[in-house]
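Here's the structure, in structure tokens; my notes come after.
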Amino acid sequence: MAKQLMDVKLNEQFEMYVLLKDAKKRVAKNGNMFLSLVFQDKSGDISGKFWDATPENAKEFVAGKVVLLKGKREVYMNSPQIKILSMRLANQSEPHDPLMFIKKAGMSRDQMEEYINQTIFEITNATYNRVVRALITKHADRFYDFPAAKSNHHDFAGGLAFHTISILKQAHAIVSQYDGINAPLLYAGAILHDLGKTTELSGPIATEYTLAGDLLGHLSIMDAEIVEAADKLGIDQDSQDLIMLRHMVLSHHGLLEDGSPERPKMLEAEILHHLDELDATIVMIQGALKNVQPGEFSDRVFGLDNRRFYKPKKVIEPKQKPDKPTQGELL
915 MAKQLMDVKL NEQFEMYVLL KDAKKRVAKN GNMFLSLVFQ DKSGDISGKF
965 WDATPENAKE FVAGKVVLLK GKREVYMNSP QIKILSMRLA NQSEPHDPLM
1015 FIKKAGMSRD QMEEYINQTI FEITNATYNR VVRALITKHA DRFYDFPAAK
1065 SNHHDFAGGL AFHTISILKQ AHAIVSQYDG INAPLLYAGA ILHDLGKTTE
1115 LSGPIATEYT LAGDLLGHLS IMDAEIVEAA DKLGIDQDSQ DLIMLRHMVL
1165 SHHGLLEDGS PERPKMLEAE ILHHLDELDA TIVMIQGALK NVQPGEFSDR
1215 VFGLDNRRFY KPKKVIEPKQ KPDKPTQGEL L
């Protein structure tokens, strides 16, 4: 298997095809333009700076393009980065399809659709069921194709649906463990909570925030879509069921400073918030530790208060001493 970005060791030089996940024009202290880049392949991503860039370079090296990169892995301010030695666009006879370089969900689309559809059958409340069916049908292609975030967690093709299913699996376990939970409301809220990201984000390749994403955010976007869907379905806008479903979406970030216009005020909303946080946190930590050697710490994780995480050394279990043989075994 060909070497990938995360296989490159510190101070090692390499040459490989990679995807430009992000490319931003910046101005250095000396007034010269440079490009702040993020390189990506299926193993992960790492940043680099293209110094003294020309306007032609800025037009050529844009997010979503595949390049042949020759570089060296270094460390800057305790974070890995690539020192670019040379770089050019891949041509048509070389690997140039961006889809070859992006991570994908650990389930196929068919598998994810089957799980979501089966869960919708478990949403026995008519209001929740009708609204969820209408919105999943409307956004299906993007829902099963888009990432759940630009970075940090589930930032891969299909990550949005995969993240939703991870939360639903936990929700099913909690419903089976505790009495008194409104399961249809919890499942409906889980399916819809991030569905607005199909509008907030641009897609799985070179993901960016759209204008609506920047100005409105996925909570507000989905709340408006729930209201619109209910209106088309003839559902009373003032019904308790619809208002509770809207609250599930609007409160799932938990804190006002994290983007929720309301804090969770129902048991199911509180559960959804914590399941969302738990799934995202686990995936971020696993990603940070993926290429860390046992006994070492990860790089700082921006989405988790810039904390570093330790990967324990593998514990070798002591060999069991054999039982003292019996007289019969000795014979």
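Once you know that position 81 of the sequence shown is 995 in the working numbering, the rest is easy, because the numbers rise by one and skip nothing. Note that beta-carbon positions come from the ideal geometry of N, C-alpha and C, so glycine has one too.
When burial is assigned at 16 or more other CB atoms within 10 Å of the CB, is residue i buried or exposed?
i: Leu983; result: buried
i: Pro1226; result: exposed
i: Tyr1042; result: buried
i: Gly945; result: exposed
i: Pro1175; result: exposed
i: Leu933; result: buried
i: Met991; result: exposed
i: Leu924; result: exposed
i: Glu1243; result: Residue placement at Glu1243 is flagged as unreliable, the pLDDT there being 43, under the threshold of 50; a coordinate-derived value is accordingly withheld.
i: Gln1241; result: For Gln1241, the predicted model reports a pLDDT of 45, less than 50, meaning its position is unreliable; a value from the coordinates is still stated below. Classification of Gln1241: exposed, given that the 10 Å Cβ count is below 16.
i: Ala1120; result: buried
i: Leu1245; result: In this predicted model, Leu1245 has a pLDDT of only 39, less than 50, meaning its place in the structure is not dependable; the value taken from the coordinates is given anyway. It counts as exposed.
i: Ala916; result: exposed
i: Leu1170; result: exposed
i: Leu1156; result: buried
i: Leu1125; result: exposed
Alpha carbon to alpha carbon, how far is residue i from residue j?
i: Leu1049; j: Asp1193; result: 23 Å
i: Met1026; j: Ile1088; result: 20 Å
i: Asp1219; j: Gly1168; result: 17 Å
i: Asp1213; j: Asp921; result: 16 Å
i: Val989; j: Ile1140; result: 47 Å
i: Asp1152; j: Asp1145; result: 11 Å
i: Gly1330; j: Ala1063; result: The shown model of the chain, from 915 to 1245, leaves out residue 1330, and the question about it has no answer.
i: Ser1116; j: Lys986; result: 31 Å
i: Lys1018; j: Ala1040; result: 34 Å
i: Ser961; j: Gln1154; result: 48 Å
i: Lys1204; j: Lys956; result: 13 Å
i: Ala1202; j: Leu1147; result: 44 Å
i: Thr1051; j: Asn1005; result: 38 Å
i: Gln918; j: Val1206; result: 15 Å
i: Tyr1092; j: Ser1165; result: 22 Å
i: Lys1246; j: Phe1223; result: Any question about residue 1246 goes unanswered here, given that the chain covers just 915 to 1245.
i: Leu1130; j: Glu1122; result: 14 Å
i: Ser1007; j: Glu1142; result: 48 Å
i: Asp1024; j: Ala1097; result: 24 Å
i: Arg1221; j: Asp959; result: 19 Å
i: Phe953; j: Val1215; result: 18 Å
i: Phe1035; j: Leu951; result: 45 Å
i: Thr1195; j: Ser1090; result: 23 Å
i: Ser1065; j: Val1197; result: 11 Å
Looking at C-alpha atoms only, which residue of the options is the closest neighbour of residue i?
i: Asp966; options: Gln918, Ala942, Asp959, Thr1112; result: Ala942
i: Val976; options: Ser1116, Leu1003, Arg987; result: Leu1003
i: Ala1095; options: Phe928, Val1045, Leu1133, Ile1037; result: Here the sequence assigns Ile to residue 1095, which means Ala is not the residue at that position. For Ile1095, the nearest C-alpha among the options comes from Ile1037.
i: Met1001; options: Asp1219, Leu1170, Glu929; result: Glu929
i: Val879; options: Pro1208, Arg1214, Asn1220, Gly1217; result: For the chain, the structure presents residues 915 to 1245; residue 879 sits outside this window and is missing.
i: Asp1150; options: Asp1024, Thr1113, Val1045, Thr1195; result: Val1045
i: Thr1113; options: Leu1133, Ala1097, Pro1098; result: Leu1133
i: Leu999; options: Phe1223, Gly1148, Glu926; result: Glu926
i: His1053; options: His1166, Leu934, Lys1111; result: Lys1111
i: Asp1055; options: Ala1075, His1067, Asp1069, His1068; result: Ala1075
i: Phe1015; options: Phe1223, Met1021, Ala1071; result: Ala1071
i: Gln1200; options: Asp1093, His1068, Ser1090, Glu1122; result: His1068
i: Ala1109; options: Lys973, Phe1060, Gly1148; result: The sequence given here places Leu at residue 1109; Ala does not occur at that position. Cα-wise, what sits closest to Leu1109 is Phe1060.
i: Thr968; options: Gly978, Met947, Val980; result: Met947
i: Lys963; options: Glu970, Ile996, Val981; result: Ile996
i: Leu1099; options: Val952, Glu970, Ile1185; result: Ile1185
i: Gly1127; options: Gly1173, Gln1006, Leu919, Asp959; result: Gly1173
i: Lys973; options: Gln954, Leu949, Gly958; result: Leu949
i: Tyr931; options: Asp959, Asn971, Val981, Ala916; result: Val981
i: Arg1047; options: Phe1057, Ser1090, Asn1031; result: Asn1031
i: Tyr1058; options: Gln1084, Thr1033, Pro1118, Lys1083; result: Pro1118
i: Thr1033; options: Ser1007, Lys1083, Phe1223; result: Lys1083
i: Tyr1029; options: His1086, Val1197, Pro994; result: His1086
i: Phe1211; options: Ser993, Gly1073, Phe1035; result: Ser993
i: Gly1073; options: Thr1124, Met1021, Ser1090; result: Met1021
Does any residue of chain B bring its CB to less than 8 Å from the CB of residue i?
i: Gln1207; result: Absent here is chain B; the protein component of the structure consists of one chain.
Self-check item: the stretch 1005 to 1022 touching the stretch 938 to 950, judged by at least three CB pairs closer than 8 Å
Solution: no
Exercise. State whether the stretch 1177 to 1184 contacts the stretch 1148 to 1162, with contact taken as three or more CB pairs (one from each stretch) at a distance under 8 Å.
Key: yes
Self-check item: Inside the stretch 1177 to 1205 only - alpha helix (DSSP H) runs reaching at least 4 residues
Solution: 1181 to 1203
Exercise. List in chain order: all unbroken beta strand (DSSP E) runs of 3+ residues lying wholly within the stretch 949 to 1007.
Key: 958 to 964, 980 to 990, 993 to 1003
Quiz prompt | Meets three-Cβ-pair contact criterion under 8 Å: the stretch 1184 to 1201 and the stretch 1104 to 1119 | solution = As far as the Cβ criterion goes, the stretch 1184 to 1201 touches the stretch 1104 to 1119, which means the pair count is three or higher.
Exercise. With a floor of 4 residues, list each alpha helix (DSSP H) that falls wholly inside the stretch 1015 to 1078, ordered by position along the chain.
Key: Listed in chain order, the complete alpha helix (DSSP H) runs (minimum 4 residues) inside the stretch 1015 to 1078 are 1023 to 1035, 1040 to 1057.
Exercise. Spell out a yes or no on whether the stretch 1127 to 1140 and the stretch 1071 to 1085 are touching, meaning 3 or more CB-CB pairs, one atom from each, closer than 8 Å.
Key: no
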